[in-house]
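Student: Dumping the structure here so I can ask a few things about it.
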């Protein structure tokens, strides 16, 4: 409740309630308003001077948030760069060494640095932190693009090597468990049927008739026919300049045009053509020239087994074809 003021009335000799009226009342109100406004303005300017405006406070909060986010980005960039360097090291010094490939030159890794995205770097001159981070990210992006392309090439080289390794004649055409004897006579020897010295460009594997004969590498059957000299014979083109031939079969398990895998049965041991006993005559050709097959199928033997095989084959055996 507002406090009532009293004023003495000489006419009535009494104290009577008194209120401001007219201009006096409005003058007092104006005084109170000006005083309040002065105090409010003084408080506002004092707050702005020592604390800052609302907009400044909001900007400071946003600036702090951006600094934190920027620090996180820089940490991730440094981590990604370190991990990329590890991939580059493995690329140049591990994978390419294994694949007999030359490492990428520094000029290849730096070619076209900057990428396709361009910005006005001069405008960032007053913001070195932003400019440095932008440059780091752009370099990282470019190096990553180069490394992705490099790994794609490595994958293609691996696939090509795997195909080449699978195609190379690298196992025996007859299993050791069913092999009676290996005749190591390669080159000129006395023919048991024609009774004269003739070239013998392969190795003879003595085994019971009907013993499975295996393809020694991946390839394609180019011939599967009956010859007067080789009897039932199969030719396999292994690509990569290799070819193998399997002669004197009792029966075929493949036909011309078939694609075969290493270890696949292609026929069975027999004594067809110019042959005096059941055996397989096996030949390997490289770039059209005969080579000694012993240098290829030794891969599936231990050193001890291979030495024993050489000792057995070194005996003077009766020629079979």
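In the numbering used here, the protein residues as written are 742 to 1062. Using N, Cα and C, we set each Cβ at its ideal position, and we do this for glycine too. Everything numeric in this text was worked out from a predicted model, so none of it was measured.
So is residue 966 buried or exposed if we call it buried at 16+ other beta carbons inside 10 Å?
Tutor: The residue labelled residue 966 in the question sits at position 225 within the chain shown. Classification for residue 966: exposed.
Student: Would you decide whether residue 798 is buried or exposed? Buried here means 16 or more other CB atoms lie within 10 Å of its CB.
Tutor: For the purposes of this step, residue 798 is identified with residue 57 of the chain shown, where counting begins at 1. Residue 798 comes out exposed.
Student: Give the DSSP-derived three-state secondary structure of residue 751 in the structure shown.
Tutor: The sequence position of residue 751 within the chain shown is 10, counting from 1. Three-state DSSP puts residue 751 in coil, outside helix and strand.
Student: Hey, out of 1017, 1036, 1014, whose CA is closest to residue 1024's CA?
Tutor: Here the question's residue 1024 lines up with position 283 in the chain shown. Nearest option by C-alpha distance: 1036.
Student: Counting only beta-carbon separations shorter than 9 Å, does residue 905 have a partner in chain B?
Tutor: Looking for chain B here will not work: only one protein chain is present.
Student: Please classify residue 803: is it buried, with 16 or more other beta-carbons within 10 angstroms of its beta-carbon, or exposed?
Tutor: Position 62 of the chain shown, counted from the start, is the residue given in the question as residue 803. Exposed, by the Cβ-count rule.
Student: State the DSSP-derived secondary structure class of residue 997, mapped to helix, strand or coil.
Tutor: As a first step, residue 997 is located in the chain shown; it is residue number 256 there, counting from the start. Correct three-state label for residue 997: coil.
Student: Roughly how many angstroms lie between the CA atoms of residue 829 and residue 844, to the nearest whole one?
Tutor: One-based indexing of the chain shown puts residue 829 at position 88. One-based indexing of the chain shown puts residue 844 at position 103. Distance between the alpha carbons of residue 829 and residue 844 is about 10 Å.
Student: Looking only at DSSP bridge pairs, what is residue 922 linked to?
Tutor: By one-based count along the chain shown, residue 922 stands at place 181. Paired residue(s): 947.
Student: Assign residue 908 to buried or exposed, taking buried as 16 or more other Cβ atoms, counted over all protein chains shown, within 10 Å of its Cβ.
Tutor: Residue mapping note: residue 908 aligns to position 167 of the chain shown, counting from 1. Looking at its Cβ environment, which holds 16 or more other Cβ atoms inside 10 Å, residue 908 is buried.
Student: Thinking C-beta only, is residue 989 closer than 9 Å to residue 1021?
Tutor: Counted from its first residue, the chain shown places residue 1021 at position 280. Counted from its first residue, the chain shown places residue 989 at position 248. It is a contact, given that the beta carbons lie within the stated cut-off.
Student: So, for residue 959: in the same chain, excluding its five sequence neighbours on each side, which residues have a beta-carbon less than 6 Å away from its beta-carbon?
Tutor: Residue numbering aside, residue 959 sits at position 218 when the chain shown is read from its first letter. Result list for residue 959: 907, 908, 1002, 1003, in chain order.
Student: For the beta strand (DSSP E) containing residue 965, list its first residue and its last residue.
Tutor: The residue you call residue 965 lines up with position 224 of the chain shown. Unbroken beta strand (DSSP E) run through residue 965: 960-968.
Student: With three or more C-beta pairs closer than 8 Å as the rule, is the region 882-897 touching the region 910-919?
Tutor: Counting Cβ pairs under 8 Å, fewer than three are found: no touch.
Student: So for residue 798, helix, strand or coil by DSSP?
Tutor: Stepping through the chain shown from its first residue, residue 798 is reached at position 57. Correct three-state label for residue 798: helix.
Student: To the nearest angstrom, how far is the alpha carbon of residue 813 from that of residue 878?
Tutor: Within the chain shown, residue 813 is the residue found at index 72, counting from 1. Within the chain shown, residue 878 is the residue found at index 137, counting from 1. Going by the C-alpha atoms only, they are around 13 Å apart.
Student: Does the distance from the C-beta atom of residue 1019 to that of residue 1008 stay below 9 Å?
Tutor: Translated into positions along the chain shown, residue 1019 becomes position 278. Translated into positions along the chain shown, residue 1008 becomes position 267. Not in contact: residue 1019 and residue 1008 (Cβ atoms no closer than 9 Å).
Student: Using only the alpha-carbon positions, how far apart do residue 776 and residue 796 sit?
Tutor: One-based indexing of the chain shown puts residue 776 at position 35. One-based indexing of the chain shown puts residue 796 at position 55. So the two alpha carbons sit approximately 28 Å from each other.
Student: List the DSSP bridge partners of residue 983.
Tutor: Here residue 983 refers to the residue found at position 242 when the chain shown is read from its first residue. Paired residue(s): 980, 1027.
Student: DSSP state of residue 841, grouped into three classes?
Tutor: Translated into positions along the chain shown, residue 841 becomes position 100. In the structure shown, residue 841 sits in coil (DSSP, three-state: anything other than H, G, I, E or B).
Student: Any idea if residue 1026 is buried or exposed, counting beta-carbon neighbours within 10 angstroms, 16 or more meaning buried?
Tutor: Position 285 of the chain shown, counted from the start, is the residue given in the question as residue 1026. With 16 or more Cβ atoms within 10 Å of its Cβ, residue 1026 is classed as buried.
Student: Quick test of your reading: residue 969 and residue 1014, contact by CB under 8 Å. State the CB separation rounded to the nearest angstrom.
Tutor: For the purposes of this step, residue 969 is identified with residue 228 of the chain shown, where counting begins at 1. For the purposes of this step, residue 1014 is identified with residue 273 of the chain shown, where counting begins at 1. Their Cβ separation, rounded to whole angstroms, is 7 Å, which keeps residue 969 and residue 1014 in contact under 8 Å.
Student: Could you spell out the range, first to last residue, of the beta strand (DSSP E) harbouring residue 910?
Tutor: One-based indexing of the chain shown puts residue 910 at position 169. Taken as a continuous stretch (DSSP letters only), residue 910 belongs to no beta strand (DSSP E), as it is neither H nor E.
Student: By DSSP's criteria, residue 953 is part of a beta bridge. Which residues make up the other side?
Tutor: Here the question's residue 953 lines up with position 212 in the chain shown. In the DSSP output, where bridge partners are listed per residue, residue 953 has 1009.
Student: Cutting at 8 Å between CB atoms, please list the residues of its own chain near residue 857, excluding the five before and the five after it.
Tutor: Sequence index remark: in the chain shown, residue 857 carries index 116 (1-based). Below a pLDDT of 50, predicted positions are generally treated as unreliable, and residue 857, at 49, falls in that range; the measurement from the model is reported next regardless. If we look at residue 857 and ignore the five residues flanking it on each side, it has no Cβ neighbours.
Student: Considering Cα atoms alone, identify which of 881, 1034, 954, 964 is closest to residue 820.
Tutor: To locate residue 820, count along the chain shown from 1; it is residue 79. For residue 820, the nearest C-alpha among the options comes from 881.
Student: In the DSSP assignment, the alpha helix (DSSP H) including residue 847 goes from what residue to what residue?
Tutor: Residue 847 sits at position 106 when you count from the first residue of the chain shown. Residue 847 -> alpha helix (DSSP H) spans 847-851.
Student: Is it right to say residue 935 is buried, meaning 16 or more other beta carbons lie within 10 angstroms of its own, or is it exposed?
Tutor: Taking the chain shown and counting its residues from 1, the one referred to as residue 935 is at position 194. Since pLDDT at residue 935 reaches only 48, below the 50 mark, its modelled position is unreliable, and the value read off the structure follows with that caveat. Flag for residue 935 reads exposed.
Student: What did DSSP end up calling residue 1017 once you bin it into helix, strand or coil?
Tutor: Within the chain shown, residue 1017 is the residue found at index 276, counting from 1. Here residue 1017 sits in coil by DSSP.
Student: Have a look at residue 809 and residue 875 and give me their C-alpha separation to the nearest angstrom.
Tutor: Counting from 1 along the chain shown, the entry for residue 809 is found at position 68. Counting from 1 along the chain shown, the entry for residue 875 is found at position 134. Their Cα atoms are separated by approximately 17 Å.
Student: Shortest alpha-carbon distance to residue 998 belongs to which of 944, 1031, 961?
Tutor: Along the chain shown, read from residue 1 onward, the residue named residue 998 stands at position 257. Comparing Cα positions, the closest option is 961.
Student: Measuring alpha carbon to alpha carbon, tell me which residue in 995, 983, 923 is nearest residue 904.
Tutor: Counting from one through the chain shown, the residue named residue 904 turns up at place 163. If we check each option's Cα against that of residue 904, 983 comes out closest.
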